[in-house]
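First up is the structure itself, then whatever we jot down about it.
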Amino acid sequence: MSKHVAVLMGGWSVEREVSLSSGAACARALEGVGYRVTRVEVNRDVAEVLAKLKPDVAFNALHGRYGEDGTIQGVLETLGIPYTHSGVLASSLAIRKDKAKMVVAAAGVPVAKGVTVSRFEAAKRHALPPPYVIKPIDEGSSVGVVIVKKGREHPPQEIARPDWPCGETMLAETFIAGRELTCAVMEGKSLGVTEIRAATGEFYDYDAKYAKGGSIHICPAQILPNLYRQIEECALTAHQAIGCRGVSRSDFRYDDESDTLVWLEVNTQPGMTETSLVPELAAHAGMNFGELVKWIVEDASLNR
Numbered sequence: 015m016s017k018h019v020a021v022l023m024g025g026w027s028v029e030r031e032v033s034l035s036s037g038a039a040c041a042r043a044l045e046g047v048g049y050r051v052t053r054v055e056v057n058r059d060v061a062e063v064l065a066k067l068k069p070d071v072a073f074n075a076l077h078g079r080y081g082e083d084g085t086i087q088g089v090l091e092t093l094g095i096p097y098t099h100s101g102v103l104a105s106s107l108a109i110r111k112d113k114a115k116m117v118v119a120a121a122g123v124p125v126a127k128g129v130t131v132s133r134f135e136a137a138k139r140h141a142l143p144p145p146y147v148i149k150p151i152d153e154g155s156s157v158g159v160v161i162v163k164k165g166r167e168h169p170p171q172e173i174a175r176p177d178w179p180c181g182e183t184m185l186a187e188t189f190i191a192g193r194e195l196t197c198a199v200m201e202g203k204s205l206g207v208t209e210i211r212a213a214t215g216e217f218y219d220y221d222a223k224y225a226k227g228g229s230i231h232i233c234p235a236q237i238l239p240n241l242y243r244q245i246e247e248c249a250l251t252a253h254q255a256i257g258c259r260g261v262s263r264s265d266f267r268y269d270d271e272s273d274t275l276v277w278l279e280v281n282t283q284p285g286m287t288e289t290s291l292v293p294e295l296a297a298h299a300g301m302n303f304g305e306l307v308k309w310i311v312e313d314a315s316l317n318r
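Take the sequence shown: its letters are residues 15 to 318, numbered as in the working numbering.
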């Protein structure tokens, strides 16, 4: 009898719609490779729903807070349902960009200089000398990211608006010009490195990530072999230092002019939509989408 997999999607973070897309794609692929699948649109009654459903595995396709920060992982541990991706500690650490940077930097990975600051203080005075990037401390998918350009006189005002949905604490980091690069890690090894270019706009923002034609992926990245290997090694180190499980994806910036590479963050719940990077990197490594989601399910466990 095939395993019963509950695909958890939706949730109530600002990344709900992306999670629904990821979940739908994964559910179809899992059915295609023979699993019995139940699609679960996650709400605050998720523990009750799962207790009744009693799946063999929970495939976590949630993004952002509550799904990626250790919250749902703790629920699944309590219910005794094996689940995919990273566990409670790694998830809660990875989503806190400032704390994750401290751990990864201590492991020898280069990171951008930065400070944490309240959004109201950051709207009153520049958190760093421009140019810099300011972003929510615990959101993904480039939600709430603002680039403050060189020469800008006033600090960003949008982060102080009353309807700001992305929390009170921000991380400001020195802006690193140049390339956006990403590397996926699976089963303790790299799947390769991709360069990402936004088709329009200034950087790889939410629309570039998820809109069709929003970004150009160069896979594998056309960079020097030693830089390629360095990125792979840094992604592996970050994955291990934070304690990630299953598949993760680390993001980097590289400035060709100054030969500066910095690690930005690790994604413990990488997107699994048709425009997502991990399925593309898996394909580059010789694994189709069905094989990828099957591996993720078979890797599921408790006490991760």
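Every residue, glycine too, gets a C-beta built ideally from N, C-alpha and C. The structure presented is a predicted model; accordingly, all values stated were derived computationally and were not measured.
For residue 298, does the three-state DSSP call read helix, strand or coil?
-> helix
Specify, as a first and last residue, the run of the alpha helix (DSSP H) that residue 266 falls within.
-> No alpha helix (DSSP H) holds residue 266; the beta strand (DSSP E) holding it covers 261-269.
Excluding five sequence neighbours on each side, which residues of the same chain lie with their C-beta closer than 8 Å to the C-beta of residue 46?
-> Within the same chain, residue 46 has close Cβ partners 304.
Looking only at its own chain, which residues have a Cβ that is under 7 Å from the Cβ of residue 293, when we skip the five neighbours before and after it?
-> 286, 303, 306
Output the distance between the C-alpha atoms of residue 57 and residue 173, rounded to the nearest integer angstrom.
-> Each residue's alpha carbon lies about 27 Å from the other.
Opening and closing residue of the beta strand (DSSP E) in which residue 210 lies | Start and end: 203-212.
Buried or exposed by the 16-neighbour rule on C-beta atoms within 10 Å, applied to residue 189 | buried
What is the DSSP secondary structure of residue 128, reduced to helix, strand or coil?
-> strand
Around the C-beta of residue 168, are 16 or more other C-beta atoms found within 10 angstroms, so that it is buried, or is it exposed?
-> Residue 168 comes out exposed.
Which residues share a DSSP beta bridge with residue 24?
-> 56
Verify the CB distance criterion: does residue 236 have a CB-CB separation below 9 Å to chain B?
-> Here chain B cannot be found, since the structure has a single protein chain.
Per DSSP, the bridge partner or partners of residue 50 | 18
Minimum C-alpha distance to residue 111 - residue among 66, 148, 139 = 148
Check the C-beta distance from residue 150 over to residue 165 and give it rounded, since I have them as a contact under 8 Å.
-> In this structure residue 150 is not in contact with residue 165, their Cβ atoms being roughly 25 Å apart against a cut-off of 8 Å.
Tell me whether the beta-carbon of residue 25 lies closer than 9 Å to the beta-carbon of residue 80.
-> yes
Hey, residue 257 and residue 100: beta-carbon distance below 9 Å or not?
-> Taking a C-beta distance under 9 Å as the contact criterion, residue 257 and residue 100 qualify as a contact pair.
Beta strand (DSSP E) runs contained entirely in the region 226-259, provided each spans 3 or more residues = Entirely contained in the region 226-259, the beta strand (DSSP E) runs reaching 3 residues are, in chain order, 229-232.
Using the Cα positions of residue 191 and residue 68, report the straight-line distance between them to the nearest angstrom.
-> 49 Å
Unbroken beta strand (DSSP E) run spanning residue 184, endpoints | 183-188
Can you have a look at residue 240 and say buried or exposed, based on whether 16 or more other CB atoms are within 10 angstroms of its CB?
-> Residue 240 is exposed by the Cβ-count criterion.
Closer than 7 Å by C-beta to residue 33: which residues in its own chain qualify, once you throw out the five before and the five after it? Chain order, please.
-> 23, 24, 25, 75, 76, 77, 81
Rounded separation between residue 222 and residue 244 - CA only | Since pLDDT at residue 222 reaches only 43, below the 50 mark, its modelled position is unreliable, and no value is offered.
When the Cβ atoms of the region 270-283 are set against those of the region 125-134, are three or more pairs found closer than 8 Å?
-> yes
Please list, in chain order, all residues of the same chain as residue 224 whose beta carbon is under 7 Å from its beta carbon, the five residues on each side excluded.
-> Below a pLDDT of 50, predicted positions are generally treated as unreliable, and residue 224, at 46, falls in that range; the measurement from the model is reported next regardless. For residue 224, where only same-chain residues beyond five positions count, the Cβ hits under 7 Å are 32, 287, 289.
Do the CB positions of residue 94 and residue 316 come within less than 9 Å of each other?
-> yes
Candidates 106, 20, 28, 38, of which the one nearest residue 66 by Cα | Nearest option by C-alpha distance: 20.
Would you kindly report the start and end of the unbroken beta strand (DSSP E) that includes residue 178?
-> Careful: residue 178 lies outside any beta strand (DSSP E) and carries neither H nor E.
Residue environment, residue 115, which counts as buried when at least 16 other CB atoms sit within 10 Å | buried
Within the region 59-127, note down every full beta strand (DSSP E) run reaching 3 residues or more, in order along the chain.
-> Segments of the beta strand (DSSP E) lying fully in the region 59-127: 71-74.
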